[in-house]
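>
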Amino acid sequence: MITIKEVARHAGVSISTVSYVLSGKRSISEETKRRVEQSIIALGYHPNAGARALASNRSRVIGLIVPLRSDHNMPVIMQFVSSIVASARDYDYDVLLLTKEAGPGEAHRVTARSMADAIIVMDVESADPRVPELRTVDAPVVLLGMPDDHQGLNCVDLDFASAGRQMVGHLADRGHRSIALIGSPPAVYERGTSYAARLLAGFQQETAKRNLPASVHSCAADYDAVSACLDDVLRPERGTTGLVVHNEAALGSLLLELRRRSLKVPADLSVITLCPDDVARGLAVPLTSIAVPADELGALAVEMVTGRLEREHPPEIRLLQPQLTDRGSTSTR
Numbered sequence: 001m002i003t004i005k006e007v008a009r010h011a012g013v014s015i016s017t018v019s020y021v022l023s024g025k026r027s028i029s030e031e032t033k034r035r036v037e038q039s040i041i042a043l044g045y046h047p048n049a050g051a052r053a054l055a056s057n058r059s060r061v062i063g064l065i066v067p068l069r070s071d072h073n074m075p076v077i078m079q080f081v082s083s084i085v086a087s088a089r090d091y092d093y094d095v096l097l098l099t100k101e102a103g104p105g106e107a108h109r110v111t112a113r114s115m116a117d118a119i120i121v122m123d124v125e126s127a128d129p130r131v132p133e134l135r136t137v138d139a140p141v142v143l144l145g146m147p148d149d150h151q152g153l154n155c156v157d158l159d160f161a162s163a164g165r166q167m168v169g170h171l172a173d174r175g176h177r178s179i180a181l182i183g184s185p186p187a188v189y190e191r192g193t194s195y196a197a198r199l200l201a202g203f204q205q206e207t208a209k210r211n212l213p214a215s216v217h218s219c220a221a222d223y224d225a226v227s228a229c230l231d232d233v234l235r236p237e238r239g240t241t242g243l244v245v246h247n248e249a250a251l252g253s254l255l256l257e258l259r260r261r262s263l264k265v266p267a268d269l270s271v272i273t274l275c276p277d278d279v280a281r282g283l284a285v286p287l288t289s290i291a292v293p294a295d296e297l298g299a300l301a302v303e304m305v306t307g308r309l310e311r312e313h314p315p316e317i318r319l320l321q322p323q324l325t326d327r328g329s330t331s332t333r
């Protein structure tokens, strides 16, 4: 690995001069600066985190708080993490992944010890107990999610309520008059996870507005749970003809069980879901879906948090509007 000492030798300057060029703390002649920069490029030098911290009084690290729970769909979580890591590198930041289910003091602990310059928080709850602390952290904080009490906070997320309304509308406009929501696992609702609550609210608002009979079913992702859920959803008296699915981990089992019951999508039952596009495309029956834009949301979170490291910004809520892709899994009734 190339060191700052080797850069200094190659450029014919002192180590401190290289450091000043990197940090911009002292005025260096344009000719000397150009020579140092050429040496950095020629040698492929990358200052390590410790050197950057000494030069700029910053760690060049973003803390990402994402407690890993048993009810999380890890492939989707990792899409968000990968997007944040890749976007942070574009801004010359590293990411410190904080996965322990820590209490409200975690953001203060990380920033107070200079472990990170800023914080991104995932797995946001509707009544998130971390909110009071996050308002007082002496560093930029962005929530990838939106609690009910979001005053004074920076949040970025998909507009899940709008997504719920849009999926109901898609089915209702095709003549469906009895719709079921197969939702997230029970633990997700019990914990008050914000995205699940907001999609449920949007679903219920739209079915009430259109005076549609509707049922809601929390469902674990394992096959037996999906089968039992369908027993309830498809009770004859419900007359269910359309499913809204907000449980990407259950989709494979759902389609398999429908096939076992000789029910065809969309001839016998229409299905629309909210999940990543690659999941919806890759199923045995490609599903009409609203995308979970993990790449875009992760990049926006990094853009917001790094922007607040450079200058003051007022608190901001950015909700991406849902984008629906019709793959033919819903029919007209």
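Numbering (this note's numbering), first residue to last: 1 to 333.
Each residue gets a CB set at the ideal place from its N, CA and C atoms; glycine is no exception.
Within 10 angstroms of the Cβ of L68, are there 16 or more other Cβ atoms? Answer buried if so, exposed if not.
So L68 ends up on the exposed side.
> Between the alpha carbons of F203 and Y20, how many angstroms are there, rounded?
Each residue's Cα considered, the two are about 57 Å apart.
> Is DSSP giving G242 helix, strand or coil here?
Looking at G242 - three-state DSSP - the assignment turns out to be strand.
> When the distance is taken between beta carbons, is I182 closer than 8 Å to L171?
Not a contact, by the Cβ cut-off of 8 Å.
> Can you name the start and end residues of the beta strand (DSSP E) that A116 belongs to?
Run containing A116: none; DSSP gives neither H nor E here.
> Looking at the structure shown, is D295 part of a helix, part of a strand, or coil, going by DSSP?
Note: D295 maps to helix in three-state DSSP.
> Look at the alpha carbon of L54 and the alpha carbon of S16, and state the distance between them as a whole number of angstroms.
Legend: pLDDT at L54 = 46, less than 50; position of this residue unreliable, value from coordinates given subsequently. Distance between the alpha carbons of L54 and S16: 12 Å.
> Could you check the C-alpha separation between V7 and E106 for me, to the nearest Å?
Their Cα atoms are separated by approximately 38 Å.
> Measure from the alpha carbon of S184 to the alpha carbon of each residue in A294, I28 and L199, then state which is nearest.
Ranking the options by Cα distance to S184, first place goes to L199.
> Check for me: the alpha helix (DSSP H) holding T207 runs from which residue to which?
That run of the alpha helix (DSSP H) goes S194 to K209.
> In its own chain, which residues sit with a C-beta less than 7 Å from the C-beta of P315, not counting the 5 before and 5 after it?
So the list reads G152, L153 and N154, once near-sequence residues are dropped.
> Quick one: what's N247 bridged to in DSSP?
According to DSSP, N247 bridges with nothing at all.
> Would you mind stating whether A208 and S126 have Cβ atoms separated by less than 8 Å?
No, the Cβ-Cβ distance between A208 and S126 is not below 8 Å.
> Classify A284 as buried or exposed, calling it buried when 16 or more other Cβ atoms lie within 10 Å of its own Cβ.
So A284 counts as exposed.
> What does the Cβ neighbour count give for V149, buried or exposed, with the cut at 16 atoms within 10 Å?
It should be pointed out that residue 149 corresponds to Asp in this sequence rather than to Val. Classification for D149: exposed.
> Are P286 and S253 touching if we call contact CB-CB under 8 Å?
No, these two residues do not count as a Cβ contact at 8 Å.
> What residue does the alpha helix (DSSP H) around S227 start on, and which one ends it?
It spans Y223 to V233 - the alpha helix (DSSP H) in which S227 sits, taken as one unbroken run.
> Is it right to say Q79 is buried, meaning 16 or more other beta carbons lie within 10 angstroms of its own, or is it exposed?
Result: buried.
> Considering only the alpha carbon of each residue, which of R174, L134 and S39 lies closest to G242?
Nearest of R174, L134 and S39 to G242, Cα basis: R174.
> For the putative contact between M167 and I290, defined by C-beta atoms under 8 Å, what is the C-beta separation to the nearest angstrom?
Yes, M167 and I290 are in contact; Cβ-Cβ is about 6 Å, under 8 Å.
> To which residues of the same chain is L43 closer than 8 Å at the C-beta, ignoring the five residues directly before and after it?
If we look at L43 and ignore the five residues flanking it on each side, its Cβ neighbours are I2, E6, V7 and H10.
> Select from R238, G239, C229 and A267 the residue whose C-alpha is nearest the C-alpha of L251.
Residue C229 is the option with its Cα nearest to L251.
> According to DSSP, is D277 helix, strand or coil?
In this structure, D277 counts as helix in the three-state DSSP scheme.
> One question on the structure: do L158 and L320 come within less than 8 Å of each other, judged by their Cβ atoms?
A contact, by the Cβ cut-off of 8 Å.
> Take the Cβ of D268 as the centre, count every other Cβ of all protein chains shown within 10 Å, and call the residue buried at 16 or more, exposed below.
Classification for D268: exposed.
> Does the beta carbon of G63 sit closer than 8 Å to a beta carbon anywhere in chain B?
Note that chain B does not occur in the displayed structure, where there is just one protein chain.
> Name the two residues that bound the continuous beta strand (DSSP E) containing S215.
A214 to S218 is the span of the beta strand (DSSP E), which, as asked, contains S215.
> Can you grab the Cα-Cα spacing for the pair I119 / E248, in whole Å?
One C-alpha to the other measures close to 27 Å.
> My parser needs the beta strand (DSSP E) runs of 3 or more residues fully inside the region 132-179; what are they?
Within the region 132-179, the complete beta strand (DSSP E) runs of at least 3 residues are 141-144 and 154-158.
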